[in-house]
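**Student:** These protein sequence lines map, in sequence, to chains A and B. Heads up: the first sequence begins at 321 in this note's numbering, then just goes up one per residue. Heads up: the second sequence begins at 18 in this note's numbering, then just goes up one per residue. Every residue, glycine too, gets a C-beta built ideally from N, C-alpha and C. Since this is a predicted model, take the numbers as computed values, not measurements. Here you go, one structure.
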Amino acid sequence: MIDFLSLSIAALVAAGVWLLLSRDWLQIILGLSVLGHGVNLFILKSGEAASPDPLPQALILTAIVIGLGMTAVLLALASRGLKMSKSRDADFLPEETE
Amino acid sequence: MIAAPVLISFVFALITLLLRRHSVGLRAVSLLGTALSLMIAVWILITVWEQGPQRMQIGNWPAPFGISFDVGMLGALMIAGSALVAFCGQWAMQSLLGRRWEILGIYSLYHFLMMGVYGSFATGDLFNLYVWFEVLLAASFFLVALSRHRSSATGSFKYAVISILSSVAFLFGISFVYASVGSLDLSDIIQQQQLHGQSLSMIMGLSFLVLAFLVKAAVFPFFFWLPASYPVTLTPVAAVFSGFLTKVGLYSLLRILSPVVAFGDSTKLLPVMYGLALASMVLGVLGALSRDNMKGILAFHGTSQMGYILLGLSLGGQAGIVACVFYLLHHMMVKTNLFLSVAYMEKVGGTSMVSESGGLWAARPWLAGLFAMSALSLIGVPPFSGFWAKVLTLQAALGEQRWAGVLLCLGVSLFTLMSMLKIWNGVFWKRAPRDLPEKDSARVRWLVVPLVILNISILAIGLGYPQVRLAAEKVAQELLPGKGAP
Numbered sequence: 321m322i323d324f325l326s327l328s329i330a331a332l333v334a335a336g337v338w339l340l341l342s343r344d345w346l347q348i349i350l351g352l353s354v355l356g357h358g359v360n361l362f363i364l365k366s367g368e369a370a371s372p373d374p375l376p377q378a379l380i381l382t383a384i385v386i387g388l389g390m391t392a393v394l395l396a397l398a399s400r401g402l403k404m405s406k407s408r409d410a411d412f413l414p415e416e417t418e
Numbered sequence: 018m019i020a021a022p023v024l025i026s027f028v029f030a031l032i033t034l035l036l037r038r039h040s041v042g043l044r045a046v047s048l049l050g051t052a053l054s055l056m057i058a059v060w061i062l063i064t065v066w067e068q069g070p071q072r073m074q075i076g077n078w079p080a081p082f083g084i085s086f087d088v089g090m091l092g093a094l095m096i097a098g099s100a101l102v103a104f105c106g107q108w109a110m111q112s113l114l115g116r117r118w119e120i121l122g123i124y125s126l127y128h129f130l131m132m133g134v135y136g137s138f139a140t141g142d143l144f145n146l147y148v149w150f151e152v153l154l155a156a157s158f159f160l161v162a163l164s165r166h167r168s169s170a171t172g173s174f175k176y177a178v179i180s181i182l183s184s185v186a187f188l189f190g191i192s193f194v195y196a197s198v199g200s201l202d203l204s205d206i207i208q209q210q211q212l213h214g215q216s217l218s219m220i221m222g223l224s225f226l227v228l229a230f231l232v233k234a235a236v237f238p239f240f241f242w243l244p245a246s247y248p249v250t251l252t253p254v255a256a257v258f259s260g261f262l263t264k265v266g267l268y269s270l271l272r273i274l275s276p277v278v279a280f281g282d283s284t285k286l287l288p289v290m291y292g293l294a295l296a297s298m299v300l301g302v303l304g305a306l307s308r309d310n311m312k313g314i315l316a317f318h319g320t321s322q323m324g325y326i327l328l329g330l331s332l333g334g335q336a337g338i339v340a341c342v343f344y345l346l347h348h349m350m351v352k353t354n355l356f357l358s359v360a361y362m363e364k365v366g367g368t369s370m371v372s373e374s375g376g377l378w379a380a381r382p383w384l385a386g387l388f389a390m391s392a393l394s395l396i397g398v399p400p401f402s403g404f405w406a407k408v409l410t411l412q413a414a415l416g417e418q419r420w421a422g423v424l425l426c427l428g429v430s431l432f433t434l435m436s437m438l439k440i441w442n443g444v445f446w447k448r449a450p451r452d453l454p455e456k457d458s459a460r461v462r463w464l465v466v467p468l469v470i471l472n473i474s475i476l477a478i479g480l481g482y483p484q485v486r487l488a489a490e491k492v493a494q495e496l497l498p499g500k501g502a503p
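Structure (structure tokens):
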């Protein structure tokens with residue numbers, strides 16, 4: 321039987337890493353959140369040894385909430401960065417005016 | 018009771034958020050909050066010293082099932098050290114920062130940051146540690162972003178992305194560890210390794226956790242976020258960051274790797290860390306030499322000193338752990354003090370570039386004295402704390418016959434001296450490029466207080482060496498229960 325859980329972890333992590341390699345503000349944030357979903361599934365996978373195990377689900381719930389908060393923080397930082405540097409490139413350094 | 022610093026920081030974060038338009042009241046309340054945490058931290062340290070590790074079960078759930086708060090000697094020392102740094106940092110922020118930052122809520126963010134820091138030093142649960150990490154990270158992202166620099170946007174974004182990536186690695190590590198031993202309680206994880214050895218899954222988990230903590234500790238090759246973000250941060254904020262933010266990573270490394278050191282290294286993690294420690298010692302100090310911005314010099318130095326601290330741990334013996342803990346305490350005080358002196362120099366000279374400043378020896382001789390004390394301590398001159406920290410590290414390296422470590426330990430000190438001389442010559446002895454203000458405002462002059470407090474603690478660690486060493490040895494015995502005295 322094909323292990324769909326493992327396959328989806330692999331797909332999510334691969335997609336997350338690919339998005340992270342970009343220089344675009346938004347793609348980096350999307351990549352981090354996709355990667356976060358991959359990890360959440362991985363935590364679920366880690367609890368498979370003991371059959372009825374509620375702990376991984378509690379951990380995932382916490383991780384999802386924290387992930388949501390962190391994505392919001394990143395979006396706030398990125399919107400400020402976009403306003404200041406006027407470029408989609410997250411590594412673009414504007415000339416120092418000070 | 019050991020959760021008290023966390024609760025105090027949380028309550029004061031909310032109060033300062035409500036009070037942020039009443040300037041005088043806000044400053045008084047915020048300072049009171051850090052002073053209260055400091056008093057309780059000292060009390061915790063005394064209790065742990067006399068009665069041994071303190072445990073607290075949240076909701077009275079017994080140990081491996083519930084979340085426990087677990088403060089041993091290491092945690093108590095780190096809580097006390099960071100509470101002192103936090104008190105001095107709060108005082109420095111009050112004498113340097115304008116109304117604009119207060120209205121934006123910088124003190125509130127600061128107390129949230131402290132909550133995360135105290136939480137991670139106090140918790141005894143791996144997943145809870147992750148949660149406290151996120152608390153302190155979220156606060157620190159905004160503290161970095163609150164700055165006048167245009168590049169603070171890119172700096173804080175890079176810092177945030179790299180930190181969140183390391184949190185992803187942290188979660189992977191947690192899942193591997195959970196799959197291996199079915200528990201997340203730190204002392205339970207250590208016990209399971211002692212009983213059953215290390216499975217492949219445990220080794221994978223430890224590797225991921227080490228990766229995550231090395232990023233937080235800013236060790237080569239994971240340190241690039243540090244010189245990108247610290248120079249664009251407000252200087253007093255950078256001072257407290259360098260005081261305990263990277264130390265949280267090293268503290269977690271010590272906690273998680275103690276079974277590896279104690280029961281033999283089946284993971285081969287320690288040799289890898291030995292190499293990384295040496296590389297970051299050298300590359301950090303070379304980076305510092307190349308910088309013109311004083312904050313950049315100190316930020317790169319942070320990586321170099323982290324290498325020294327990691328070197329002690331990677332030697333894998335009791336002497337190494339003692340050196341590592343002593344160095345951690347010394348570095349907390351010295352680094353914060355150097356950053357705060359730089360903050361004062363910036364205020365007087367109006368710039369943080371070495372090439373553009375000068376003439377401070379004539380204008381503020383006592384500031385030169387205060388800076389020189391912590392610079393000498395960083396280099397490792399007796400009777401300051403840095404001397405003993407380096408002696409202990411050298412002794413440990415000699416004991417294990419790691420000649421490369423001994424050689425670099427001595428050689429890097431020379432380069433540290435060079436980079437400190439660069440600041441000294443450029444800022445103090447060079448002729449002033451423009452007229453410096455005759456006197457500082459009354460508010461800025463208050464900055465002397467934290468500088469003096471930190472200098473006294475540097476001297477105290479140096480002169481009270483036997484006592485501090487005894488504390489470090491207690492930590493080593495606690496972390497390595499299997500091994501006797503050396």
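Mind checking the segment 354-367 of chain A against chain B and listing, in chain order, the residues whose C-beta falls within less than 9 Å of any C-beta there?
**Tutor:** Listed in sequence order: L355, G356, G358, V359, N360, F362, I363, L364, K365, S366 and G367.
**Student:** G501(B): buried (16+ other C-beta within 10 angstroms of its C-beta) or exposed?
**Tutor:** Residue placement at G501(B) cannot be trusted, given a pLDDT of 42 that sits under 50; what the coordinates show is reported in the next sentence. Counting Cβ neighbours within 10 Å, G501(B) comes out exposed, since fewer than 16 surround it.
**Student:** Give a yes or no on whether the minimum CB-CB distance between A410(A) and chain B is below 8 Å.
**Tutor:** For A410(A), the answer is yes, since a Cβ of chain B falls inside 8 Å of its Cβ.
**Student:** Might you give, ordered along the chain, the residues of its own chain that have their beta carbon closer than 7 Å to the beta carbon of V23(B), omitting 5 neighbours on each side?
**Tutor:** Counting only Cβ-Cβ distances below 7 Å, and skipping sequence neighbours, we find M132, Y135, G136 and A139.
**Student:** Can you give me the Cβ contacts of H128(B) inside the same chain, cut-off strictly under 7 Å, excluding the 5 residues immediately before and after it?
**Tutor:** Counting only Cβ-Cβ distances below 7 Å, and skipping sequence neighbours, we find S26, F29, A30, T33 and G50.
**Student:** Just to confirm, are L363(A) and I386(A) a CB contact at a threshold of 8 Å?
**Tutor:** The amino acid at residue 363(A) is misidentified as Leu; the sequence shows Ile. No; because the gap between Cβ atoms is not below 8 Å, this pair is not in contact.
**Student:** Starting from V465(B), follow the beta strand (DSSP E) in both directions and report where the run begins and ends.
**Tutor:** Careful: V465(B) lies outside any beta strand (DSSP E), inside the alpha helix (DSSP H) at V465 to L480.
**Student:** Report all residues from its chain with a CB closer than 6 Å to the CB of T417(A); omit the five preceding and five following residues, and keep chain order.
**Tutor:** With a pLDDT of only 42 at T417(A), under the threshold of 50, the placement of this residue in the model should not be trusted; the figure read from the coordinates follows. Same-chain partners within the cutoff: there are none.
**Student:** At which residues does the beta strand (DSSP E) containing D87(B) begin and terminate?
**Tutor:** That run of the beta strand (DSSP E) goes S85 to V88.
**Student:** Could one say the Cβ of I386(A) lies closer than 8 Å to chain B's Cβ atoms, at least one of them?
**Tutor:** It does: the Cβ of I386(A) has a partner Cβ on chain B nearer than 8 Å.
**Student:** Nearest-angstrom Cα distance between A296(B) and L361(A)?
**Tutor:** So the alpha carbons of these two residues sit roughly 36 Å apart.
**Student:** Considering only the beta carbon of each residue, do F445(B) and W383(B) sit closer than 8 Å?
**Tutor:** Their beta carbons are not under 8 Å apart, which means F445(B) does not touch W383(B) by this criterion.
**Student:** Is DSSP giving D344(A) helix, strand or coil here?
**Tutor:** DSSP places D344(A) in strand when its eight states are reduced to three.
**Student:** Under 8 Å between the Cβ atoms of L146(B) and E495(B)?
**Tutor:** Against a cut-off of 8 Å, the Cβ pair of E495(B) and L146(B) comes out as no contact.
**Student:** In chain order, what are the residue ranges of uninterrupted alpha helix (DSSP H) at least 4 long that sit wholly in the segment 251-299 of chain B?
**Tutor:** You should have 252-279.
**Student:** Alpha carbon to alpha carbon, how far is N472(B) from F280(B)?
**Tutor:** Using only the alpha carbons, I get a separation of about 39 Å.
**Student:** I believe A493(B) touches Q335(B) by the beta-carbon criterion, under 8 Å. Please report the beta-carbon distance rounded to the nearest angstrom.
**Tutor:** The Cβ separation is near 5 Å, so the contact holds.
**Student:** If we define contact as Cβ-Cβ less than 8 Å, is S328(A) a contact residue for chain B?
**Tutor:** Not an interface residue.
**Student:** Using a Cβ-Cβ distance under 8 Å, would R343(A) count as near chain B?
**Tutor:** By this cut-off, R343(A) is not an interface position.
**Student:** Could you say if the segment 245-263 of chain B and the segment 308-324 of chain B meet the contact criterion of at least three C-beta pairs nearer than 8 Å?
**Tutor:** Flag = yes, the segment 245-263 of chain B and the segment 308-324 of chain B touch.
**Student:** Starting from the beta carbon of I348(A), find every residue of chain B whose beta carbon is closer than 9 Å, and list them in chain order.
**Tutor:** Those are F174 and V178, listed as they occur along chain B.
**Student:** Can you confirm whether A331(A), when its beta carbon is compared against all beta carbons of chain B, has any partner nearer than 8 Å?
**Tutor:** No, A331(A) lies away from the interface with chain B (no Cβ there is under 8 Å from its Cβ).
**Student:** Let's test the definition: count the other Cβ atoms within 10 Å of the Cβ of S458(B) and tell me whether it reaches 16, buried, or not, exposed.
**Tutor:** S458(B) comes out exposed.
**Student:** Can you pull the chain B neighbours of A335(A), defined as C-beta to C-beta under 9 Å?
**Tutor:** Near A335(A) there are no residues of chain B at all, since even the closest Cβ is about 14 Å away, more than 9 Å.
**Student:** Please list the terminal residues of the continuous alpha helix (DSSP H) segment that includes R167(B).
**Tutor:** Segment: none, R167(B) is in no alpha helix (DSSP H) and carries neither H nor E.
**Student:** On a Cα-Cα basis, can you pick out the residue from F189(B), V198(B), L315(B) and L182(B) that is closest to K233(B)?
**Tutor:** The candidate whose alpha carbon is nearest that of K233(B) is L182(B).
**Student:** Beta-carbon of K339(A) versus every beta-carbon of chain B: anything under 8 Å?
**Tutor:** Checking the sequence shown, residue 339(A) turns out to be Leu, not Lys. Taking Cβ atoms only, chain B never reaches closer than 8 Å to L339(A), which makes this a no.
**Student:** Which value, in whole angstroms, describes the spacing of the CA atoms of H213(B) and A392(B)?
**Tutor:** Distance between the alpha carbons of H213(B) and A392(B): 47 Å.
**Student:** So F243(B) and A186(B) are in contact, right, with Cβ under 8 Å, and what is the actual spacing, rounded?
**Tutor:** Residue identity differs from the one stated: residue 243(B) is Leu in this sequence, not Phe. That pair is no contact at about 17 Å.
**Student:** Hey, how far is the Cα of G106(B) from the Cα of M56(B)?
**Tutor:** About 16 Å.
**Student:** Which class does D202(B) belong to by DSSP, given the choice of helix, strand or coil?
**Tutor:** In this structure, D202(B) counts as strand in the three-state DSSP scheme.
**Student:** Considering only their Cβ atoms, is the gap separating L160(B) from L126(B) smaller than 8 Å?
**Tutor:** In contact: L126(B) and L160(B) (Cβ atoms closer than 8 Å).
**Student:** Taking the alpha-carbon positions, what's the L346(B) to F158(B) distance?
**Tutor:** Going from the Cα of L346(B) to the Cα of F158(B) covers about 25 Å.
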